[in-house]
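Numbering (the working numbering), first residue to last: 174 to 812.
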């Protein structure tokens, strides 16, 4: 919704009042948290709603700097689901995309005053949708195309954006090209040169805000940081070129420099989850999710815009251990442009300079506003090109395949992924010393909505099965390592007794005690064999680590000393999920082939997907030896 220019020629006081009232009505509906949150959002600086201690500073009037934030937009500009080829919708009826966020940004700028606002992003921008993939791989920006996310973000007037881990998925050249297309800096203080340790990207930016009636401008330092997990997840793209020191460690270097440069406020755009923990365990010395530690342990930080975890944090005031008595504002606006964080930082000017006296945040909901017409128009042509691409027919399927139940029963959909992966690795190893080894493959139920219909199959049908840009590798495992891997994966399930029936959510996504986080679907791996069946039972009544029973290959018990080739994705092989054995296993194949494109290419080459040729129902859930009944499972437990 474009902001109204009340000073335009011909406007009247009455028209301006109506415009302001209309704007406030829309903003009031957008504020999450009910009437109290809406009241606080509109509270003037220094009022009780904005500052529990009342008006700070005797005889002073606080100035309010408003900092808006997005994160994890993942290639979403329009409110569109490319895998369904339809307007995006989900259970809570969220809307997505920067075009929606742009409308909220305009409203906030009109409400607060454009000169009193900043707009930041906390990373993961150029990966996640077919729109993003198309301009990385099909018509790459390295060949001259302009990235749709650059078009949208430039039009919205961002002041800075932090790097996210997914910025590195397509390699450094693509990232540098994207950086060159932006009208604002791309920040990361902890992406450093492999040899020198010097920042490889701009670490921070300092912005001076002119405050009416005060000679000294308000200097705001904006620091960018990214999760060190990049070193694991995109090892093939960054090893030998970039290193990623810890978030807290680098913040302790750079925040004092910002303060020494005269910054009155320091805001960190941090692509690292708030809740402590690491999906890679102790594979790195630095934690994946460290935004809370940053707020607690680094003196001089005033606010943190969080990314990476796809969480919704309206406002959390984190007590600083480095500066007792101070609270650091933390906020995270969910994902994909569903929310806009609005941080209100109230400051007063005193003899020694500016002082922060109140810090609060709100979230605005993108589903309350229409798309900004100008931003949407910038990418309409790109959108149409990508829709044509994803809807192109590349083959047929003899029977429907769905991943809806793949997290709790064996499905043809996961068997398809494993078949294509294993087949590619086997073909690549022909003529090598490992060519005679049996090939197994792992795949996770990434997308519960994924389905391939019977009849014509399009690019988007196949792509929906594999929504990440992972590449394929082949590693060598022993039989003992195969079992250990499956035992680790089986920790995805809750420990339950009885055969059910159970609701799926009652037995899946168990909390990982090492991280304190629920195990996501993408960290549950299903393993299958190519030329013979790898069969196993998972007894979820047994303790974690003792669940895999009846493990056989080709109908024979798996010998702990036997050797296998495992087709595996780069995320997992480099330590993502902290699965045992993978990071030290010999790598036999690594041609940097994207698995999603491999599935598309296989379908195109074969012309027909016939599930009967690769489907093997060879794993199941038990409880004390009795098959478990899960609501929604196919009759007989097979899809």
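Positions of the beta carbon are idealized from the N, C-alpha and C atoms, including for glycine.
What you are looking at is a predicted structure, and each value in this text was computed from that prediction instead of being measured.
Do residue i and residue j have their CB atoms nearer than 8 Å?
i           : j           : result
residue 405 : residue 748 : yes
residue 445 : residue 398 : yes
residue 733 : residue 651 : yes
residue 706 : residue 634 : no
residue 588 : residue 417 : no
residue 295 : residue 480 : yes
residue 518 : residue 476 : yes
residue 662 : residue 740 : no
residue 291 : residue 393 : yes
residue 483 : residue 251 : no
residue 242 : residue 504 : yes
residue 490 : residue 440 : no
residue 247 : residue 527 : no
Within the continuous alpha helix (DSSP H) that includes residue i, where are the two ends?
i           : result
residue 777 : 768-779
residue 489 : Careful: residue 489 lies outside any alpha helix (DSSP H), inside the beta strand (DSSP E) at 485-492.
residue 500 : No alpha helix (DSSP H) contains residue 500, which is instead part of the beta strand (DSSP E) from 500-506.
residue 350 : 345-353
residue 528 : Counting along the chain, residue 528 falls outside any alpha helix (DSSP H), though it belongs to the beta strand (DSSP E) covering 526-538.
residue 699 : It is not in any alpha helix (DSSP H) - residue 699 instead sits in the beta strand (DSSP E) that spans 699-702.
residue 275 : 271-285
residue 547 : 546-563
residue 289 : It is not in any alpha helix (DSSP H) - residue 289 carries neither H nor E in the DSSP assignment.
residue 633 : 632-636
residue 479 : Here residue 479 belongs to no alpha helix (DSSP H); instead the beta strand (DSSP E) covers 476-479.
residue 792 : Counting along the chain, residue 792 falls outside any alpha helix (DSSP H), though it belongs to the beta strand (DSSP E) covering 792-796.
With 16 as the cutoff for other CB atoms within 10 Å, does residue i come out buried or exposed?
i           : result
residue 544 : buried
residue 760 : exposed
residue 676 : exposed
residue 320 : buried
residue 681 : buried
residue 539 : buried
residue 582 : buried
residue 765 : exposed
residue 606 : exposed
residue 311 : exposed
residue 804 : exposed
Can you round the beta-carbon distance between residue i and residue j to whole angstroms, since I take them to be within the 8 Å contact cut?
i           : j           : result
residue 293 : residue 318 : So it is not a contact: roughly 26 Å between Cβ atoms.
residue 309 : residue 299 : 7 Å
residue 548 : residue 272 : 4 Å
residue 541 : residue 203 : 4 Å
residue 129 : residue 559 : The question about residue 129 has no answer here: the residues shown for the chain are numbered 174 through 812.
residue 377 : residue 364 : About 13 Å; that fails the 8 Å criterion.
residue 359 : residue 336 : 6 Å
residue 704 : residue 611 : 6 Å
residue 239 : residue 515 : 6 Å
Return the chain-ordered list of same chain residues with a C-beta closer than 7 Å to the C-beta of residue i, the five sequence neighbours on each side being excluded.
i           : result
residue 768 : 594, 639, 643, 644, 645 and 742
residue 551 : 324, 325 and 328
residue 144 : Since the first and last residues shown for the chain are 174 and 812, residue 144 lies out of range.
residue 330 : 292
residue 357 : 331, 332, 333 and 334
residue 436 : 379, 392, 393 and 394
residue 512 : 485, 506, 536, 537, 538 and 539
residue 726 : 611, 702, 705 and 707
residue 735 : 651 and 652
residue 720 : 660, 663, 711, 712 and 713
Who are the Cβ neighbours of residue i in its own chain at under 6 Å, not counting the five residues just before and after it?
i           : result
residue 507 : 485
residue 566 : 629 and 631
residue 236 : 384 and 520
residue 667 : 680 and 683
residue 653 : 733
Please work out which residues of its chain come closer than 8 Å, Cβ to Cβ, to residue i, disregarding the five sequence neighbours upstream and downstream, and give them in chain order.
i           : result
residue 388 : none
residue 390 : 381, 382, 383 and 384
residue 796 : 669, 670, 671, 672, 673, 712, 713 and 714
residue 199 : 174, 280, 541 and 542
residue 621 : 576, 577, 579, 580 and 694
residue 347 : 299, 309, 313, 314 and 315
residue 723 : 708, 709 and 710
residue 456 : 405, 748, 751 and 756
Mind checking which residues open and close the beta strand (DSSP E) that includes residue i?
i           : result
residue 512 : 512-523
residue 603 : Looking at the DSSP string, residue 603 is not in any beta strand (DSSP E), and its letter there is neither H nor E.
residue 392 : 391-399
residue 236 : 236-243
residue 616 : 612-616
residue 735 : First-last for residue 735: undefined, no H or E at that position.
residue 381 : 377-382
Examine the ligand ADP and report whether any of its heavy atoms sits within less than 7 Å of the Cβ of residue i.
i           : result
residue 380 : As for the ligand ADP, it is missing from this structure, which has no ligand bound.
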